[in-house]
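Asks: Quick one: the structure is below, questions incoming.
In the numbering used here, the protein residues as written are 59 to 399.
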């Protein structure tokens, strides 16, 4: 028996023995006023119920995503059918480029998969100079770029689009109102006067998570201090950015508790002391896993052509939708709980 299998069997046996001991000796002695162990156990069960609620909500979201993908595929098929000659020319060009790419030798000194995956977590190899000054990891430049793009887009929409909105919306106005309605609907606040604040934060956080996750698909390049060209990653795949997003969301929740329920609300919010950690590492783990899987695929010659495009797009789109929905939903739920404490 290998060492990993032996550890798995031992852990399973310990968990089964612990569950049997709790069921036989602990649960029958539960009291109305719980002791410490009973309180910890009940909180763990409550947390599991919340996770189950999130999974059920996501289960209802996936059919809509699948239907949207089928609509996109039908649209692509219709476009190809209406432009057969143009698509045939582009297909020949793509096939030619694919064949030529196989004839071009790879770059010398390419880093191995262990180094690439380690650097994706620690950012200690491929570092860049921030505007020619301090050395930083590429995630910081990606975060600044995404923030600049979003601010510029918000300014253009505010100046050129919002003043021209109509009662009967056009396509862009309809898309904009749908996004605002979906994210604003996550802000569940008893006080209508505070709904604007929470809705604005939920909208801003959701758009930033979605846009920063899709950012890695653009393939923006930066030159490292060692002269290597690297693709800028999703900003939230850096643990520092994920921690900032989680802590900021937690501060919004604490503010809601103090604003609506005073000390009782603050106490209810501070009881969830693990919330910023769970929010931060949920974002970081999900986005980093997609990055690592894509790097792993890229570093194997048998999977290097065609497969990374499919894997990268699927993982990126899935993480963008799921992580946006999960964080905005959690902020709305916890804000409502501490407000009604």
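All C-beta atoms, glycine included, are put in the ideal place defined by N, C-alpha and C.
1) Which whole-angstrom value is the C-beta distance of residue 271 and residue 122, which I expect to be below 8 Å?
2) Please state if the CB of residue 291 and the CB of residue 56 are separated by a distance shorter than 8 Å.
3) With distances taken Cα to Cα, identify the nearest neighbour of residue 201 among 267, 190, 256.
4) Using the Cα positions of residue 4 and residue 177, report the straight-line distance between them to the nearest angstrom.
5) Restricting to runs no shorter than 3 residues, where is the beta strand (DSSP E) found entirely within the region 264–297?
6) Just verifying my parser: in three-state terms, what is the DSSP assignment at residue 187?
7) Determine whether the beta carbon atoms of residue 345 and residue 175 lie at a separation below 8 Å.
8) If you check the beta carbons only, do residue 280 and residue 199 fall under 8 Å apart?
9) What number of angstroms, rounded off, separates the C-alpha of residue 150 from the C-alpha of residue 144?
10) Using a threshold of 8 Å, state whether the C-beta atoms of residue 261 and residue 297 are closer than that.
11) Where does the unbroken alpha helix (DSSP H) through residue 202 begin, and where does it stop?
12) Where does residue 193 fall in DSSP's three states?
13) Could you check if residue 100 is buried or exposed, using at least 16 other CB atoms within 10 Å of its CB as the buried criterion?
14) So for residue 141, helix, strand or coil by DSSP?
15) Does the distance from the CB of residue 244 to the CB of residue 386 come in under 8 Å?
16) Run the CB neighbour count on residue 193, radius 10 Å, all protein chains shown included, and call it buried at 16 or more, exposed below.
17) When DSSP labels each residue in this structure, what does residue 332 get in the three-state scheme?
18) Is DSSP giving residue 181 helix, strand or coil here?
19) Got a sec? Which residues, its chain only, sit under 8 Å from residue 224 by beta carbon, not counting five neighbours each side?
20) Ordered along the chain, which non-local residues of its own chain (more than five positions away) have a Cβ less than 8 Å from that of residue 310?
21) Straight-line CA distance for residue 303 to residue 127?
22) For the putative contact between residue 338 and residue 301, defined by C-beta atoms under 8 Å, what is the C-beta separation to the nearest angstrom?
23) Which term fits residue 229, buried or exposed, when burial requires 16 or more other beta carbons within 10 angstroms of its beta carbon?
24) Helix, strand or coil for residue 223, going by three-state DSSP, please let me know.
25) Using the three-state DSSP reduction, which class does residue 93 fall into: helix, strand or coil?
Replies: According to the structure data:
1) Residue 271 to residue 122, Cβ: 18 Å. No contact.
2) No answer is possible for residue 56: the residues shown for the chain start at 59 and end at 399.
3) 267
4) For the chain, the structure presents residues 59 to 399; residue 4 sits outside this window and is missing.
5) 279–281, 287–289
6) strand
7) no
8) yes
9) 10 Å
10) no
11) 196–214
12) strand
13) exposed
14) coil
15) yes
16) exposed
17) coil
18) coil
19) 231
20) 256, 259, 389, 393
21) 29 Å
22) 4 Å
23) exposed
24) coil
25) coil
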